[in-house]
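K.L.:
For what it's worth, the numbering used here labels the leading residue of the sequence shown as -2, then goes sequentially. From the three backbone atoms N, C-alpha and C, an ideal C-beta is built for every residue, glycine too.
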Amino acid sequence: MIPPRPIDPRAPRFNQAVLTVALLAGFLLDLRVVVPAFAAVLFLGAAFGPTYGPVLRVYAVIIKPRLAPPPYLEDPRPPRFAATVGVCFLSVATLAFVAGAPGLAWGLSLIVAALAARTSLDLPVLPDCLRGPGRTWVVFSTEFCATCGPVAARLRFLHPDDTVRTVMVEGEAALTDTYAVRTAPTLLEVDRDGNVVHSVAGAEPVLRYVGALADA
């Protein structure tokens, strides 16, 4: 199966930020129409791609041309899955409004807003226990990830003075949740202060990124 074309990771983050603001404003002002409206917005983007998602389209046409190229690309499947989950929650919330249960409806909507806000923000500082004295690379892996081991080995070869850590997703649920890891491999490039400089998810984007490091 041909993997999907990688995307600019800033597009889904912009989408999530707008979603968060809209849902919070809707809750504070009791604008219930916001919930089904954004269920439709997320559905269009998840089902038919960014060309049909209104917020994603705004980013692509108006905002992206004014920005520098993204430092990395990511697999579109995790953001699309997250949007699908958001559609489900907001659809149930819409039905709750119709059924006369606004408390449940806003509760579900605020869960979506909280999750969207979390993934739209910059990634947190890497814990000291995983960091080396200089740059650190973190490869999130699974037992069946055929790409993860070679990626870690390649990074150790290319950057022998850096620290390369492999984190097994199955045994580090809290850590993988903190960095919104939804697929393996996911690669984090971390500076000496623990700040995540780059985050790349999916086999093809990770291999392309590591290949670019080799060519640099």
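I need the straight-line Cα distance from PRO67 to GLY199, nearest angstrom please.
P.N.:
Sequence index remark: in the sequence shown, residue 67 carries index 70 (1-based). Sequence index remark: in the sequence shown, residue 199 carries index 202 (1-based). Rounded to whole angstroms, PRO67 to GLY199 spans 16 angstroms at the Cα level.
K.L.:
For VAL194, which residues of its own chain have a beta-carbon under 6 angstroms away from its beta-carbon, when the five flanking residues on both sides are left out?
P.N.:
Position 197 of the sequence shown holds residue 194. If we look at VAL194 and ignore the five residues flanking it on each side, its Cβ neighbours are GLU186, ASP188.
K.L.:
If we count the other Cβ atoms within 10 Å of its Cβ and call it buried at 16 or more, is ASN192 buried or exposed?
P.N.:
Locating residue 192 in the sequence shown gives position 195, counting from the first residue. Counting Cβ neighbours within 10 Å, ASN192 comes out exposed, since fewer than 16 surround it.
K.L.:
Among the residues of its own chain, which have a CB less than 7 angstroms from the CB of ALA90, if the five just before and after it don't count?
P.N.:
Here residue 90 corresponds to residue number 93 of the sequence shown, with the count starting at 1. Contacts found: VAL32, ALA102, LEU105, SER106.
K.L.:
Where does PHE141 fall in DSSP's three states?
P.N.:
Your numbering for residue 141 matches position 144 in the sequence shown. Coil.
K.L.:
Kindly indicate which residue of THR173, CYS142, ALA96 has the alpha-carbon position closest to the one of ALA181.
P.N.:
Walking along the sequence shown from the start, residue 181 turns up at place 184. Of THR173, CYS142, ALA96, the residue nearest in Cα terms is CYS142.
K.L.:
What residue does the alpha helix (DSSP H) around ALA198 start on, and which one ends it?
P.N.:
Here residue 198 refers to the residue found at position 201 of the sequence shown. It is not in any alpha helix (DSSP H) - ALA198 instead sits in the beta strand (DSSP E) that spans 193 to 198.
K.L.:
Could you tell me the boundaries of the alpha helix (DSSP H) in which LEU20 lies?
P.N.:
The count along the sequence shown starts at 1 and reaches residue 20 at position 23. Per DSSP, LEU20 belongs to the alpha helix (DSSP H) from 7 to 26.
K.L.:
For PHE11, count neighbouring Cβ atoms within 10 angstroms of its own Cβ and tell me buried if that reaches 16, exposed if not.
P.N.:
Residue mapping note: residue 11 aligns to position 14 of the sequence shown, counting from 1. It is buried - the Cβ of PHE11 has at least 16 other Cβ atoms within 10 Å.
K.L.:
Excluding the five sequence neighbours on either side, which residues of its own chain have a C-beta within less than 6 angstroms of the C-beta of VAL161, listed in chain order?
P.N.:
Counting from one through the sequence shown, the residue named residue 161 turns up at place 164. Closer than 6 angstroms at the Cβ level, and outside the excluded window around VAL161, lie TRP134, ALA149, LEU152, ARG153.
K.L.:
Provide the residue span of the alpha helix (DSSP H) that contains THR173, from first to last.
P.N.:
One-based indexing of the sequence shown puts residue 173 at position 176. First-last of the alpha helix (DSSP H) with THR173: 170 to 175.
K.L.:
Take THR173 and list the residues in its own chain whose beta-carbon comes closer than 7 angstroms to its own, dropping the five residues that flank it on each side.
P.N.:
Looking up residue 173 in the sequence shown gives position 176. Contacts found: PHE137, VAL166.
K.L.:
Taking C-alpha atoms, which residue in PHE78, ALA171, LEU87, VAL55 lies nearest to ALA34?
P.N.:
What you label residue 34 is simply residue 37 of the sequence shown in a count that begins at 1. Comparing Cα-Cα distances from ALA34 to each of PHE78, ALA171, LEU87, VAL55, the minimum goes to LEU87.
K.L.:
What residues match up with LEU217 in a beta bridge as DSSP calls it?
P.N.:
Only positions -2 to 213 of the chain appear in this structure, which leaves residue 217 out of reach.
K.L.:
Under 6 angstroms Cβ to Cβ from THR163, same chain only, skipping five residues before and after it: list those, please.
P.N.:
As a working mapping, residue 163 is identified with position 166 in the sequence shown. Once the five neighbours on either side are set aside, the close Cβ partners of THR163 are VAL136, SER138, ALA149.
K.L.:
May I ask you to list the residues that DSSP assigns as paired with THR163?
P.N.:
As a first step, residue 163 is located in the sequence shown; it is residue number 166 there, counting from the start. Beta-bridge pairing links THR163 to VAL136.
K.L.:
Since ALA110 and LEU20 are thought to touch, with beta carbons under 8 angstroms apart, how far apart are those beta carbons, to the nearest angstrom?
P.N.:
Along the sequence shown, read from residue 1 onward, the residue named residue 110 stands at position 113. Along the sequence shown, read from residue 1 onward, the residue named residue 20 stands at position 23. Confirmed, Cβ separation roughly 4 angstroms.
K.L.:
In angstroms, rounded to a whole number, what distance separates the CA positions of LEU127 and ARG179?
P.N.:
Along the sequence shown, read from residue 1 onward, the residue named residue 127 stands at position 130. Along the sequence shown, read from residue 1 onward, the residue named residue 179 stands at position 182. The straight-line gap from Cα to Cα measures roughly 20 angstroms.
K.L.:
Find the nearest neighbour of PRO157 within the set LEU26, GLY168, GLY131, CYS145, judged by alpha-carbon distance.
P.N.:
Along the sequence shown, one-based indexing puts residue 157 at 160. It is GLY131.
K.L.:
In terms of alpha-carbon separation, which member of ALA114, GLN13, VAL18 lies closest to ARG77?
P.N.:
Taking the first residue of the sequence shown as position 1, residue 77 is located at position 80. Closest by alpha carbon: GLN13.
K.L.:
Are the beta-carbon atoms of GLY42 and ALA98 separated by less than 8 angstroms?
P.N.:
For the purposes of this step, residue 42 is taken as residue 45 along the sequence shown, with counting starting at 1. For the purposes of this step, residue 98 is taken as residue 101 along the sequence shown, with counting starting at 1. No, Cβ-Cβ distance for GLY42 and ALA98 is not below 8 angstroms.
K.L.:
My assumption, with CB atoms under 8 angstroms, is that GLY129 sits in contact with ASP159. Please give the rounded CB distance.
P.N.:
By 1-based counting over the sequence shown, the position of residue 129 is 132. By 1-based counting over the sequence shown, the position of residue 159 is 162. At roughly 7 angstroms, the Cβ-Cβ gap stays under 8 angstroms, so GLY129 and ASP159 are in contact.
K.L.:
Use the C-beta contact count for PRO239: other C-beta atoms within 10 angstroms, 16 or more gives buried, fewer gives exposed.
P.N.:
A query on residue 239 cannot be resolved here, the shown segment of the chain reaching from -2 to 213 and no further.
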